[in-house]
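In what follows, a single structure is set out as structure tokens and then discussed.
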Amino acid sequence: MLVCAGLAFAGFAAQADEVKGNASAGNGKVWLCIGCHSIPDYRADYPLVYRVPMLGGQNAAYIATALSEYKKGERKHPTMRSIAANLSDQDMADIGEYYAAQTASSPNNPLK
Ligand code: HEC
1 MLVCAGLAFA GFAAQADEVK GNASAGNGKV WLCIGCHSIP DYRADYPLVY RVPMLGGQNA
61 AYIATALSEY KKGERKHPTM RSIAANLSDQ DMADIGEYYA AQTASSPNNP LK
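Going by UniProt numbering, the residue at position 75 of the sequence shown is 75; the numbering climbs one at a time, nothing skipped.
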């Protein structure tokens, strides 16, 4: 189901900047991301060394743009590409706002 939604939006990825994000909507969409992105100094794809970047406090537009670049294949990391393929432009904007609003003292995601 999510895959279909992702494909339907693929043609509109270039318009990602015009979609307005909502941080509280993003709160319900990051459950999948926390497993990798909230672990300090976590490295994915053991024993290779993809250091997983921290997202909390990052610029919202930067996050949304990075996600659409994975979706379009302009960024190559295979796991992030398959994750981003399932996100709509609205999802990317919401997630961007969510992470941009995170600080070290945010209660629901203290590790960022
Ligand atoms: C299986 C682990 C894993 C999961 C799950 C995951 N990521 Fe990632 N993510 C990574 C890794 C590893 C990188 C670095 C890849 C690279 O070098 O391109 C990355 C990179 C990113 C970047 C680029 C950051 C930068 O500074 O350039 C963004 C944005 C991002 N992820 C967002 C997300 C979001 C949003 C989710 C959930 C929808 C998610 N990720 C789920 C492992 C993961």
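Ideal Cβ placement from N, Cα and C applies to all residues, glycine included.
Per-residue DSSP class, three states only, for residue i
i: R81; result: helix
i: T103; result: coil
Near ligand 1: residue i beta-carbon under 7 angstroms from a heavy atom
i: G35; result: yes
i: A66; result: yes
i: residue 149; result: Here the chain has residues from 1 to 112 only, and residue 149 is not among them.
i: V19; result: no
Unbroken alpha helix (DSSP H) run spanning residue i, endpoints
i: E97; result: D89 to A100
i: K71; result: A60 to K72
i: S24; result: A23 to N27
i: G35; result: W31 to H37
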